[in-house]
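Numbering (my numbering), first residue to last: -4 to 257. For each residue, glycine too, the CB sits at the ideal point set by N, CA and C. This report refers to the structure that appears directly beneath it.
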Ligand code: SAH
């Protein structure tokens, strides 16, 4: 494939027609605008998988954070300072997981209908903040950023974790590599403080390990091999990875990766 060509799922076009990428994003935004602003909409009609997913993520993060602190492994983990929930939708992961482990969660999501729902739910009921994150973890939503990840530039050195789940298929390979490079700059870089990019995505089941393109929402499902190649291109190394257990068999396998700059 020539250098000036880029892959969007099954489609390969010349980069001299950049409008096709804009069309690709416009089509997915149109799809997501047609979906209900709730967990059922976010999870494509499998809302029952949310609890299993969040438990898996929580266990993964705890293991990751405990790796270095063997001597203090029984003590509760202190809250993180600031994390980002990318492609956050209505904030399923923010509300049920990230706010419990971090003082501040910034939300990046292109569809305003979803973030409106999130912001509204924060102002009422159990998610109404009390201004202070506690050790048990009741963080606050910080910035709400209505951008696609292809356009988002994380603040330099700001984040303990940049969490990306079930949204990276909306970026082309080239956009994803460029995005990962920006994420590297967005991680906290301080002596004694660890930070990670987390990716949790469906894995292609194609027997040739090819990307699977979904016309309905204009997204691509990549293979483990493809993700590893893109991480490498971006200068990221995998420090932990596992398959999500306990999902219905008819769904794609789901893999989670913790990444750090090489
Ligand atoms: N991560 C959330 C939502 C998953 S649904 C969760 O697991 O619950 C996929 C989300 O990706 C939708 O909210 C959709 O609006 C968003 N999305 C679509 N195009 C995107 C893009 N280019 N960049 C970031 N997010 C995008």
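Going by CA-CA distance only, name the one from 69, 34, 165 and 53 that's closest to residue 94.
-> Nearest in C-alpha terms to residue 94, of all of 69, 34, 165 and 53, is 53.
Could you give the C-beta distance for residue 97 and residue 85, rounded to a whole number, given that I count them as a contact under 8 Å?
-> With a beta-carbon spacing of about 18 Å, residue 97 and residue 85 fall beyond the 8 Å limit used to define contacts.
Excluding the 5 residues preceding and the 5 following residue 147 in the sequence, name in chain order all residues of the same chain whose CB lies nearer than 8 Å to its CB.
-> Counting only Cβ-Cβ distances below 8 Å, and skipping sequence neighbours, we find 81, 103, 140, 174 and 177.
Give a yes or no on whether the C-beta atoms belonging to residue 206 and residue 217 are separated by under 8 Å.
-> Yes, these two residues count as a Cβ contact at 8 Å.
Out of 168, 150, 101 and 154, state which residue places its alpha-carbon closest to the alpha-carbon of residue 136.
-> Nearest neighbour of residue 136 by Cα position, chosen from 168, 150, 101 and 154, turns out to be 101.
Option in 255, 238 and 243 with minimal Cα separation from residue 40 = Ranking the options by Cα distance to residue 40, first place goes to 243.
Which of helix, strand or coil DSSP assigns to residue 240 = Correct three-state label for residue 240: coil.
In terms of residues, what are the limits of the alpha helix (DSSP H) holding residue 17?
-> It spans 14 to 28 - the alpha helix (DSSP H) in which residue 17 sits, taken as one unbroken run.
Please indicate yes or no: does the CB of residue 198 lie closer than 7 Å to some heavy atom of ligand 1?
-> Look at residue 198: its beta carbon is at least 7 Å from all of the heavy atoms in ligand 1.
When DSSP labels each residue in this structure, what does residue 115 get in the three-state scheme?
-> Residue 115: helix per DSSP, three-state reduction.
Return the chain-ordered list of same chain residues with a C-beta closer than 7 Å to the C-beta of residue 45, the five sequence neighbours on each side being excluded.
-> Correct list, in chain order: 34, 38 and 87.
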